[in-house]
Amino acid sequence: MSKFDHFSFISPIYDHIFGRHVDHEIVAFARLEPRMRILDVGGGTGRVSTLFQTEVRSVVVSDSAIGMLRQAQARGLCSVVSHAEKLPYAAGQFDRVIIVDAFHHVADQQATLDEMRRMTAPGGQIIIEEPDIRNFMVKLIAVGEKLLLMRSHFHRPEVIAEMGAGNRAADIEIHRKNGNAWIIITKPINPE
């Protein structure tokens with residue numbers, strides 16, 4: 118029996134509910150250059166990818182919810198139907214691999230981070246934006262998502278950073294603001 122696809126169900130109204138905040142922080146953390154290629158994992162409607170669309174060479178939105186991707190396509194974004202744990206690209210294809218407010222929804226978080234690391238070019242970055250579970254309001258949201266039978270699983274930013282780096286050398290930054298956390302993992306140019 119397949120699970121209920123919450124995100125395809127709410128895709129027509131998703132941006133009206135969640136798209137009010139313009140995510141300038143992730144744009145600043147991405148340190149964009151015109152030649153860059155960006156992969157937005159779990160990018161849904163493309164509300165974040167549109168911020169990069171005119172600033173870089175290419176942006177791809179990946180998501181498993183077809184209803185969400187239809188919204189991204191309507192915005193003129195390249196999109197691909199894919200689970201975060203198995204992305205359909207060769208290794209090292211992207212300068213920035215981002216996941217915004219979606220990491221807690223993926224079924225296998227370690228496999229997702231491993232796959233994001235595989236997609237990232239040497240010297241590139243993985244940028245994870247997640248609600249900071251240490252925040253009281255985020256704890257309430259986590260309980261609400263459990264009650265809605267969503268497969269949410271929140272972690273502290275330090276745990277996500279450790280999972281994302283694995284046992285490999287990597288530069289890691291963690292930034293926090295207003296109940297959100299940004300974990301930035303820079304893939305070494307010369308991996309060991």
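Heads up: the sequence shown begins at 118 in our numbering, then just goes up one per residue. Glycine is no exception: its CB is placed at the ideal position from the N, C-alpha and C atoms.
Pair within 9 Å by beta-carbon distance, residue i and residue j
| i | j | result |
| --- | --- | --- |
| valine 214 | glycine 240 | no |
| aspartate 231 | glycine 283 | yes |
| valine 165 | arginine 152 | no |
| valine 178 | glycine 161 | yes |
| phenylalanine 220 | glutamate 247 | yes |
Opening and closing residue of the beta strand (DSSP E) in which residue i lies
| i | result |
| --- | --- |
| valine 178 | 175 to 180 |
| valine 217 | 211 to 217 |
| arginine 95 | Outside the displayed range of the chain (118 to 309) lies residue 95, so it cannot be described from this structure. |
Neighbour-count burial assignment, residue i, 16 or more Cβ in a 10 Å radius
| i | result |
| --- | --- |
| leucine 204 | buried |
| isoleucine 134 | For isoleucine 134, the predicted model reports a pLDDT of 49, less than 50, meaning its position is unreliable; a value from the coordinates is still stated below. Exposed, because fewer than 16 other Cβ atoms sit within 10 Å of the Cβ of isoleucine 134. |
| leucine 194 | buried |
| phenylalanine 253 | exposed |
| alanine 298 | buried |
| isoleucine 306 | exposed |
| glutamine 188 | buried |
| glycine 281 | buried |
| valine 276 | exposed |
| glycine 261 | exposed |
| arginine 234 | buried |
| threonine 229 | buried |
| leucine 147 | For clarity, residue 147 is alanine in the given sequence; the question names leucine instead. The residue is buried, with at least 16 neighbouring Cβ atoms inside 10 Å. |
| threonine 167 | buried |
| alanine 249 | The displayed chain sequence assigns aspartate, not alanine, to residue 249. Buried: at least 16 other Cβ atoms inside 10 Å. |
| leucine 257 | exposed |
Bridge-paired residues (DSSP) for residue i
| i | result |
| --- | --- |
| isoleucine 243 | Val214, Ile302 |
| proline 248 | Asn297 |
| histidine 200 | Histidine 200 is not bridged to any residue. |
| glutamate 150 | Note: glutamate 150 sits in no beta bridge, so no partner. |
| isoleucine 291 | Ile300 |
Boundaries (first-last residue) of the alpha helix (DSSP H) holding residue i
| i | result |
| --- | --- |
| valine 276 | 274 to 282 |
| methionine 190 | Note that residue 190 is glutamine in the sequence shown here, rather than methionine. Where glutamine 190 is concerned, the enclosing alpha helix (DSSP H) stretches over 183 to 191. |
| valine 144 | 141 to 147 |
| leucine 230 | 226 to 236 |
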